[in-house]
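Chains as they are written, first to last, in the numbering used here: chain A, 257 to 402; chain B, 768 to 937. First the structure, in the form of structure tokens, and then the observations on it.
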């Protein structure tokens with residue numbers, strides 16, 4: 257009887273683990289940065305990406321506007337207000353063991369200005385920049401945790 | 768003497784087979800000392816025994832008993848080997864699995880497992896795995912540029928929203 261009980265417990269654990277795999281969420285970090293040439297202020301919280309930003313862009317000032325970590329579920333869009341009239345909609349459309357596929361839509365006043373689909377893997381950062389923001393531009397830094 | 772001989776000769780066969788009591792043995796042995804007829808009869812019995820025993824022992828020595836045993840064993844196995852259905856039935860009979868109350872949760876668990884596993888096995892991936900990070904990018908209003916750096920593991924998607932705006936350095 258003990259053997260049967262062990263078998264059922266094993267099946268249950270396996271089922272639960274597969275179920276958790278099927279409904280796993282992806283932790284996605286979204287940072288909204290304002291980049292401009294007004295002043296030369298570098299936000300201390302952007303130290304980890306400052307090197308990347310400096311090597312890629314010609315801006316002198318970087319300011320962190322928002323830092324959010326979202327638990328994305330498959331095909332459930334999450335919306336973030338970047339600033340004033342800019343908003344961001346992120347949807348997890350695909351998922352593998354170490355890769356998440358995200359669809360990102362940037363809207364200005366409810367009009368799509370950018371629509372893209374990217375693959376995020378461990379350690380990979382996707383920067384989406386360009387939308388006007390005050391005296392500079394907005395840069396969205398996306399990364400995922402698995 | 769004649770009476771003594773007839774009573775002793777009755778015991779002679781038992782004496783030869785060593786089935787007599789001590790008293791009977793003493794009686795027979797005392798009689799044999801004085802009776803040549805009974806002595807001859809005893810010698811005849813011993814001769815007959817030797818005649819039978821010798822060929823039997825020789826035949827036993829010549830016989831290959833391991834081979835005979837193998838033949839017997841094979842015969843037993845052939846007779847006793849059940850078919851797969853009987854084996855399954857006997858296995859079910861000796862295990863408590865034949866009880867319905869055990870089978871119901873077992874079947875339920877297997878069904879749940881199949882329901883969970885099947886979609887995962889046949890799950891369609893949205894695209895093939897490749898080295899590209901950006902699968903697609905579009906903008907109906909502005910120009911877009913994509914820059915990927917494998918070295919620094921950074922991908923840049925840049926939207927040129929206005930002619931007066933800054934563009935990436937590289």
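Beta carbons: idealized from backbone N, C-alpha and C, even for Gly. Please read all numbers here as calculations on a predicted model, not as lab measurements.
Can you give the Cα-Cα distance for residue i and residue j, rounded to whole angstroms?
i, j, result
"residue 824 (chain B)", "residue 781 (chain B)", "24 Å"
"residue 296 (chain A)", "residue 374 (chain A)", "31 Å"
"residue 340 (chain A)", "residue 366 (chain A)", "12 Å"
"residue 917 (chain B)", "residue 851 (chain B)", "60 Å"
"residue 364 (chain A)", "residue 887 (chain B)", "37 Å"
"residue 911 (chain B)", "residue 883 (chain B)", "41 Å"
"residue 384 (chain A)", "residue 904 (chain B)", "11 Å"
"residue 893 (chain B)", "residue 392 (chain A)", "Note that residue 893 (chain B) scores a pLDDT of 49, beneath 50, so its modelled location is shaky and nothing firm can be said."
"residue 796 (chain B)", "residue 842 (chain B)", "52 Å"
"residue 798 (chain B)", "residue 776 (chain B)", "9 Å"
"residue 291 (chain A)", "residue 875 (chain B)", "58 Å"
"residue 306 (chain A)", "residue 907 (chain B)", "31 Å"
"residue 804 (chain B)", "residue 771 (chain B)", "12 Å"
"residue 937 (chain B)", "residue 880 (chain B)", "Low confidence applies here, because residue 937 (chain B) scores a pLDDT of 46, under 50, leaving its location unreliable; read the following figure in that light. Their backbone Cα atoms lie some 52 Å apart in a straight line."
"residue 286 (chain A)", "residue 294 (chain A)", "24 Å"
"residue 783 (chain B)", "residue 789 (chain B)", "13 Å"
"residue 355 (chain A)", "residue 378 (chain A)", "7 Å"
"residue 309 (chain A)", "residue 323 (chain A)", "16 Å"
"residue 398 (chain A)", "residue 369 (chain A)", "18 Å"
"residue 371 (chain A)", "residue 336 (chain A)", "15 Å"
"residue 877 (chain B)", "residue 856 (chain B)", "21 Å"
"residue 885 (chain B)", "residue 394 (chain A)", "43 Å"
"residue 422 (chain A)", "residue 400 (chain A)", "This structure cannot speak to residue 422 (chain A), because chain A is shown only from 257 to 402."
"residue 836 (chain B)", "residue 829 (chain B)", "15 Å"
"residue 304 (chain A)", "residue 381 (chain A)", "11 Å"
"residue 810 (chain B)", "residue 779 (chain B)", "11 Å"
"residue 338 (chain A)", "residue 344 (chain A)", "7 Å"
"residue 846 (chain B)", "residue 792 (chain B)", "52 Å"
"residue 812 (chain B)", "residue 786 (chain B)", "15 Å"
"residue 854 (chain B)", "residue 838 (chain B)", "24 Å"
Apart from the five residues just before and just after residue i, which ones in its own chain have a Cβ nearer than 8 Å to its Cβ?
i, result
"residue 299 (chain A)", "289, 318, 319, 320"
"residue 900 (chain B)", "915, 922"
Can you pull the chain B neighbours of residue i, defined as C-beta to C-beta under 7 Å?
i, result
"residue 384 (chain A)", "924"
What does DSSP give as the partner residue(s) for residue i in the beta ladder?
i, result
"residue 368 (chain A)", "A:363"
"residue 782 (chain B)", "Its beta-bridge partners do not exist; DSSP assigns none."
"residue 905 (chain B)", "A:371"
"residue 395 (chain A)", "A:289, A:385"
"residue 927 (chain B)", "B:910"
"residue 346 (chain A)", "A:334, A:360"
"residue 400 (chain A)", "A:284"
"residue 352 (chain A)", "A:355"
"residue 922 (chain B)", "A:382, B:915"
Can you list the residues of chain A that residue i reaches, using a CB-CB cut of under 7 Å?
i, result
"residue 908 (chain B)", "369"
"residue 786 (chain B)", "Chain A residues near residue 786 (chain B): none, gap ~60 Å exceeds 7 Å."
Counting only the same chain and skipping the five closest in sequence on each side, list residues whose C-beta sits under 6 Å from that of residue i.
i, result
"residue 359 (chain A)", "347, 349, 373"
"residue 820 (chain B)", "none"
"residue 302 (chain A)", "318, 320"
"residue 927 (chain B)", "909, 910"
"residue 316 (chain A)", "293, 296"
"residue 284 (chain A)", "326, 328, 400"
Closer than 7 Å by C-beta to residue i: which residues in its own chain qualify, once you throw out the five before and the five after it? Chain order, please.
i, result
"residue 329 (chain A)", "281, 348"
"residue 919 (chain B)", "none"
For residue i, go through chain B and note every residue whose CB falls closer than 8 Å to its CB, in chain order.
i, result
"residue 374 (chain A)", "900, 901, 902, 922, 924"
Whose Cβ in chain A lies nearer than 9 Å to the Cβ of residue i?
i, result
"residue 919 (chain B)", "307, 308, 311, 312, 381"
"residue 911 (chain B)", "370, 372, 386"
Examine chain C for any beta-carbon lying closer than 9 Å to the beta-carbon of residue i, and answer yes or no.
i, result
"residue 282 (chain A)", "Absent here is chain C; the protein component of the structure consists of chains A and B."
Interface residues of chain A around residue i at Cβ under 8 Å?
i, result
"residue 830 (chain B)", "Within chain A, no residue comes near residue 830 (chain B); the closest Cβ sits about 48 Å away, beyond 8 Å."
"residue 840 (chain B)", "Those do not exist, as residue 840 (chain B) stays about 33 Å from chain A at its closest Cβ, beyond 8 Å."
In chain order, what are the residue ranges of uninterrupted beta strand (DSSP E) at least 3 long that sit wholly in the stretch 283-343 of chain A? 317-328, 334-339
Please give me, in chain order, every unbroken run of the beta strand (DSSP E) with length at least 3 that falls completely inside the stretch 781-850 of chain B. none
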